[in-house]
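Sequence lines, in order, name chains R and F.
According to numbering that gives the first Met the number 0, the first sequence holds residues 0 to 795 in order.
According to numbering that gives the first Met the number 0, the second sequence holds residues 0 to 219 in order.
I have placed the structure first, in the form of structure tokens, so that the comments after it can refer back to it.
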Amino acid sequence: MIRNYIRTALRNLWKNRFMSFVNILGLSVGISAALVIWMIVHYDLSFDRFHQNGDRMYRIVSRLDFHQMIINTSGVPIPLIEALRSQSAGIEETAFLYQYSPNVKIGERKFGVLEKTTFAEPEYFNVVEYKWLYGSPVVLKNPLQAVLTEERAEQYFPGTPLAEVIGREVKYDDSISVSVAGIVQSLKGRTDFDFQEFVSMQTVRSDLGMQRMRGWDSWNNFNSSINVILRLRPGVAPEKIDAELAALIKPHTDKDSENKYSLQPLREIHLDPGIDFFGQRQANLPVLYKLGALVVFLLLLGGINFVNLQTAQAGERAKEIGIRKSLGSSKSSVVAQFLGESFVMATFAAIVSILLVPAILAAFRNFIPEGVTIAMFAEWQVFLFIPALVLVVGLLAGIYPAFVLARFQPVKVLKNQVYGINSKARLRQVLTVSQFSIALALIMATIIVSEQTKYVNRKDLGFAKDARLFVKAPGFRATTDKMKDQLEAVPEIEMISQAYSPPSFSGTSSTTMSFGSNGEIKDAMVEMKYIDEKYVPLYGIKIAAGRNLLPADTIHEVLVNESFAKAAGFKTPEDAVGQLIAINGKKHPVVGVVADFHTKGMQSRIPPLALSTDELRKTMLHVALRKDADVPRALDKIKAAWDASFPDDDFKPTFVDEALARFYDSEVKLRQLLGWATGIAIFISCLGLLGLAIYATRQRTKEIGIRKVLGASVGSIVVLFSKDVTKLVCIAAFIASGVAWYAMDKWLTGFAYHIHIPWWVFPSAAATALLLALATVAAQALKAAMVNPVQSLKSE
Amino acid sequence: MIQLRNISKHYPVGFGKHEILKNVDMVIHEGEFVSIMGPSGSGKSTLLHILGLLEEPSEGEYLFQGELVHKMNDKKRTQLHRGAIGFVFQAYHLIDELTVYENIETPLLYKNMPSSERKSRVADILDRFNMVAKKDLFPNQLSGGQQQLVGIARAIVAEPSVIFADEPTGNLHSDQAKSIMELFAELNKKDGITIVQVTHSDVNAGYGNRVVEIMDGRIK
Numbered sequence: 000m001i002r003n004y005i006r007t008a009l010r011n012l013w014k015n016r017f018m019s020f021v022n023i024l025g026l027s028v029g030i031s032a033a034l035v036i037w038m039i040v041h042y043d044l045s046f047d048r049f050h051q052n053g054d055r056m057y058r059i060v061s062r063l064d065f066h067q068m069i070i071n072t073s074g075v076p077i078p079l080i081e082a083l084r085s086q087s088a089g090i091e092e093t094a095f096l097y098q099y100s101p102n103v104k105i106g107e108r109k110f111g112v113l114e115k116t117t118f119a120e121p122e123y124f125n126v127v128e129y130k131w132l133y134g135s136p137v138v139l140k141n142p143l144q145a146v147l148t149e150e151r152a153e154q155y156f157p158g159t160p161l162a163e164v165i166g167r168e169v170k171y172d173d174s175i176s177v178s179v180a181g182i183v184q185s186l187k188g189r190t191d192f193d194f195q196e197f198v199s200m201q202t203v204r205s206d207l208g209m210q211r212m213r214g215w216d217s218w219n220n221f222n223s224s225i226n227v228i229l230r231l232r233p234g235v236a237p238e239k240i241d242a243e244l245a246a247l248i249k250p251h252t253d254k255d256s257e258n259k260y261s262l263q264p265l266r267e268i269h270l271d272p273g274i275d276f277f278g279q280r281q282a283n284l285p286v287l288y289k290l291g292a293l294v295v296f297l298l299l300l301g302g303i304n305f306v307n308l309q310t311a312q313a314g315e316r317a318k319e320i321g322i323r324k325s326l327g328s329s330k331s332s333v334v335a336q337f338l339g340e341s342f343v344m345a346t347f348a349a350i351v352s353i354l355l356v357p358a359i360l361a362a363f364r365n366f367i368p369e370g371v372t373i374a375m376f377a378e379w380q381v382f383l384f385i386p387a388l389v390l391v392v393g394l395l396a397g398i399y400p401a402f403v404l405a406r407f408q409p410v411k412v413l414k415n416q417v418y419g420i421n422s423k424a425r426l427r428q429v430l431t432v433s434q435f436s437i438a439l440a441l442i443m444a445t446i447i448v449s450e451q452t453k454y455v456n457r458k459d460l461g462f463a464k465d466a467r468l469f470v471k472a473p474g475f476r477a478t479t480d481k482m483k484d485q486l487e488a489v490p491e492i493e494m495i496s497q498a499y500s501p502p503s504f505s506g507t508s509s510t511t512m513s514f515g516s517n518g519e520i521k522d523a524m525v526e527m528k529y530i531d532e533k534y535v536p537l538y539g540i541k542i543a544a545g546r547n548l549l550p551a552d553t554i555h556e557v558l559v560n561e562s563f564a565k566a567a568g569f570k571t572p573e574d575a576v577g578q579l580i581a582i583n584g585k586k587h588p589v590v591g592v593v594a595d596f597h598t599k600g601m602q603s604r605i606p607p608l609a610l611s612t613d614e615l616r617k618t619m620l621h622v623a624l625r626k627d628a629d630v631p632r633a634l635d636k637i638k639a640a641w642d643a644s645f646p647d648d649d650f651k652p653t654f655v656d657e658a659l660a661r662f663y664d665s666e667v668k669l670r671q672l673l674g675w676a677t678g679i680a681i682f683i684s685c686l687g688l689l690g691l692a693i694y695a696t697r698q699r700t701k702e703i704g705i706r707k708v709l710g711a712s713v714g715s716i717v718v719l720f721s722k723d724v725t726k727l728v729c730i731a732a733f734i735a736s737g738v739a740w741y742a743m744d745k746w747l748t749g750f751a752y753h754i755h756i757p758w759w760v761f762p763s764a765a766a767t768a769l770l771l772a773l774a775t776v777a778a779q780a781l782k783a784a785m786v787n788p789v790q791s792l793k794s795e
Numbered sequence: 000m001i002q003l004r005n006i007s008k009h010y011p012v013g014f015g016k017h018e019i020l021k022n023v024d025m026v027i028h029e030g031e032f033v034s035i036m037g038p039s040g041s042g043k044s045t046l047l048h049i050l051g052l053l054e055e056p057s058e059g060e061y062l063f064q065g066e067l068v069h070k071m072n073d074k075k076r077t078q079l080h081r082g083a084i085g086f087v088f089q090a091y092h093l094i095d096e097l098t099v100y101e102n103i104e105t106p107l108l109y110k111n112m113p114s115s116e117r118k119s120r121v122a123d124i125l126d127r128f129n130m131v132a133k134k135d136l137f138p139n140q141l142s143g144g145q146q147q148l149v150g151i152a153r154a155i156v157a158e159p160s161v162i163f164a165d166e167p168t169g170n171l172h173s174d175q176a177k178s179i180m181e182l183f184a185e186l187n188k189k190d191g192i193t194i195v196q197v198t199h200s201d202v203n204a205g206y207g208n209r210v211v212e213i214m215d216g217r218i219k
């Protein structure tokens, strides 16, 4: 029986080749999107699931409350680690990791700054299990010892047998020489523990200079490159340790501190982008949920085509059903037969999708984690997802048409009384409206997102961003000063400033301040920029009142921005000039007020800000090029000066406008993604409409013939067919406008500075969709209307 | 085997009703070959559909093999379509997507007959109707007479006790009609299948052993 069904299904697919093509293409787009998203989800959910006793592994995370600012961090103060080891009974093993990014040199060969290196103790290897090829964890008990992975060993000493790598010397930052004491295999399986090089923690412990630089003894140093991974004893509740953490840290912090400390289970680390894990890419679940919703929409669009075309075809299939019923087919076997057909269709769509996946992975490289590749098809969770998807899609798309078809009364069918196309026309209209609502809402969203991106790029930032670049100097003030002097002589350079960050910068540095004659601002965390006297003119920042800073080595004079002056209760900028501001308890005069400028992307409001001098924090060199300067040549000259001063460090300048663009990375990605989704949605919807139009004209061939004999013009027939579609698209436009307005208004609240949704978005999106829909339908109607009526009437 | 008691059939039309059959009483015995005759619109096709369990009467009782039809559930009726009843239609009503062989095989598939038995039954029928050479052709590759032959083959392959034929030769020319009617007569005599046909033609009615005339929904 099943063979009989599959045979009729395949022959029917072939007979209605074009409709099958429409259905398969529509479904395959949704299926392939679902497949790719599932691959990403599975990839992200399968991180660090292979560890022995992984269910007892945790990392310490802290929620630091600075009153005005909450910081979530995985950083751990180092004294806490010893305290935990000696005082907590519930912990079986504590691994203390200290990430390190040294500038590596072996002999005369330079490797530059290498990531994925960490200080570690032998205990780490008791928590995370590695396979040791040479040596054992004990080697890390001594200072100046390093353990490499196979890959790192091969990178450092290409072609050298591993046995001979042991004992070789590696030099960090031109000052620390360590010798290779062990080699391990990298962890197999997906993991965020992808360190390549472990340096004995004893190296830091035995070097007072390094300890001081890293705040070794401070209970208040929550540096995110210092992490603790621990394993609890069986049966110990993590909440118990949370309480112990608070009890251990409390005596060393402010009495009224509201900081919270807790253990985060291993399996949640990869899924918590709010707390970084040594800079690893983490999964962003809300983004995955949104992508999931998009997939559902795409599957829905394809499914709607299937339902529409299948019920439109019902009239043609009805005869077969009538015969089968008279031969003894029960209702359920008709349902089974047509469900079978939709499964066959879904299977074809799945095959097409599998072929599409590599193309999708390539097209969306920027959105997809690197580890997600075609090779994942070998994992059963991905492999079995395909038949599961076929089953679900086949069932959801097929169940309704199957029941519609099974309900036909055989006697009516055999008496030629069934007109499938009319009886279910209302449903098809509803489905078509839903389809176009989705497509239209996507068009509207795309327009609004791109209008907002245009706005953020055009908005005056309050400072000059073009032809300005900054570069982090690697230290040694004297050398930097010397280089600066050299650069002053370069004709292409207009001005140089030594300061900390550029006006807009992803990082923030904040300090406790009090300001305002009546104590409006008291001991609040306020953002601070460390600059020199050239910074304000270099970036073209306007001074609203008072004057610029004078050169100084420490915090001496202070500039505040207008927002800060206002927040401190001064009515005009002039009122703030000459007042005293307390920074970290020390009072300084405010000599000027600068006009507000954006310190972050348009997502954030301009915060109160203070600017002052501090010799120690001027770690970046800011350069403004002349307007007419030849940029590549100027860069060459700066690089030459850099190479002469810092031969061991790469010259990595950043242009201010490029750094600004990074604030909008996710918006740019969203716009791209929406653009794709919109295109696909319109494509699938129009494809479905085309299918329906072909059916409608085929069904009404005779009517068209009769109308033409009675004197109808080609134009009037095209109008007749286009009227319905126009109505449907207009209804869809209303629905979509509401949905899009609501959703995008919400999205825009994510920006402190945003556009108001322009009214023209809605009619222009509707007009676009209507044009496409009409073009699809009218072409078919035109074709039918051009046929000589003699032919269409004869064929009946 | 078939007994109709006071059967009526009407459709609602506007506020009134359109009567198609009025108080029909009829008995058909096993092994009979009955022809139902009457002018267009007299209700003979409706009567046949009621007999074939494709339509339900508005009033009256119908006993098929001694059982009350209106008390049967869908499953039981489907069961009868699978085994006891065969249909032959004026427009042949073959499944266009299936070959001759597959069309004949379909009723047996619904009976869940094992594959080997199915094959031999279909082969026997093809042999008997001289259609072995045409078994892999599709309906649209056959002439009308050949299609009706396939239709009859399909009707008898499941060995029904009764065949209902709705103007089986209506679309055929006289030579073809003659051979089809001879085939019906043979099935009736040799195989003992009860046959009920609707026809316009006195010639065709002559092949049967009883004529039921119907006029304006009543049996004369």
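Glycine included, every Cβ here is placed at the ideal spot set by N, Cα and C.
Nothing here was measured: the structure is a model prediction, and the numbers come from that model.
Could you tell me the boundaries of the alpha helix (DSSP H) in which Leu79 (chain R) lies? 77-86
Could you check how far apart the C-beta atoms of Thr653 (chain R) and Leu468 (chain R) are, in whole angstroms? I think they sit under 8 Å. 6 Å
First and last residue of the uninterrupted alpha helix (DSSP H) at His48 (chain F): 43-50
Determine, using beta carbons only, whether Pro106 (chain F) comes closer than 8 Å to chain R. yes
Nearest-angstrom beta carbon gap, Pro607 (chain R) and Asn560 (chain R) [assumed within contact, 8 Å]: 7 Å
What would DSSP say about Ser644 (chain R), mapped onto helix, strand or coil? helix
For Thr117 (chain R), collect the residues of the same chain with a Cβ closer than 8 Å to its Cβ; drop the 5 residues on either side in sequence, then sort them by chain order. Leu96, Tyr97, Gln98, Tyr99, Phe194, Glu196, Phe197, Val198, Phe277
Taking DSSP as the reference, what is the three-state secondary structure of Asp723 (chain R)? helix
Using 8 Å as the cut-off, can you tell me whether the region 0-14 of chain R makes contact with the region 276-292 of chain R, which would need three or more C-beta pairs spanning the two stretches below that distance? no
Residues of chain R with a CB under 7 Å from the CB of Pro28 (chain F): which are they? The question names Pro, yet the displayed sequence has His at residue 28 (chain F). Result: empty, since nearest Cβ-Cβ is about 24 Å, beyond 7 Å.
Applying the 10 Å Cβ sphere with the 16-neighbour rule, what's the burial state of Gln312 (chain R)? buried
Considering just the uninterrupted stretch of the beta strand (DSSP E) at Arg58 (chain R), what are its terminal residues? 56-64
Look up Asp95 (chain F) in the DSSP assignment and give the residues it is bridged to. Asp95 (chain F) is not bridged to any residue.
Return the chain-ordered list of same chain residues with a C-beta closer than 6 Å to the C-beta of Ser27 (chain R), the five sequence neighbours on each side being excluded. Ala348, Val351, Ser352
Does Asn22 (chain R) have its Cβ less than 8 Å from a Cβ in chain F? no
Out of F:Asn129, F:Pro11, F:Gly37, F:Ile27, point me to the one whose CA is closest to Met214 (chain F)'s CA. F:Gly37
Lys8 (chain F) burial status per 10 Å Cβ neighbour count (16 or more: buried): buried
Buried or exposed (CB count within 10 angstroms, at least 16 for buried), Leu186 (chain R): buried
For Glu881 (chain R): DSSP bridge partner residues: As shown, chain R starts at 0 and ends at 795. That puts residue 881 (chain R) outside it, with no answer to give.
Beta-carbon separation of Arg189 (chain R) and Ser178 (chain R) under 8 Å? no
From Ile605 (chain R) to Ala731 (chain R), what does the alpha carbon distance come to, in whole angstroms? 40 Å
CB contact check: Tyr418 (chain R) to chain F, cutoff 8 Å: Only weak support exists for where Tyr418 (chain R) lies, its pLDDT of 48 falling under 50; the coordinates are left without a value.
DSSP three-state assignment for Met0 (chain R), whether helix, strand or coil: coil
May I have the straight-line CA-CA distance separating Tyr418 (chain R) from Gly314 (chain R), to the nearest angstrom? At Tyr418 (chain R) the pLDDT is 48, less than 50, meaning the model places this residue with poor confidence and gives no usable figure here.
Cross-chain neighbours of Tyr109 (chain F) in chain R, by beta carbon under 9 Å: Met0, Arg323, Leu326, Gly327, Ser328, Ser329, Ser332
Based on Cα-Cα distance, which residue from R:Phe366, R:Glu319, R:Gln309, R:Gly321 lies nearest to Ser341 (chain R)? R:Gln309
In this structure, does DSSP put Asp24 (chain F) in helix, strand or coil? strand
Listing by chain order, which chain R residues have their CB less than 7 Å from the CB of Arg81 (chain F)? Gly327
Residue range of the beta strand (DSSP E) that His9 (chain F) falls in? 1-12
When we look at the beta-carbon of Ser436 (chain R) and count the other beta-carbons within 10 Å, is it buried (16 or more) or exposed? buried
Looking at the C-beta of His17 (chain F), does it have a partner C-beta in chain R at a distance below 8 Å? no
Tell me the DSSP bridge mates of Pro588 (chain R)? R:Leu579
Other residues of its chain near Tyr551 (chain R): CB distance less than 6 Å, five sequence neighbours each side excluded: One detail in the question is off: residue 551 (chain R) reads as Ala in this sequence, not Tyr. Closer than 6 Å at the Cβ level, and outside the excluded window around Ala551 (chain R), lie Thr612.
To the nearest angstrom, report how far apart Val389 (chain R) and Leu34 (chain R) are at their CA atoms. 11 Å
Should Asn787 (chain R) be labelled buried (16 or more other beta-carbon atoms within 10 Å of its own) or exposed? exposed
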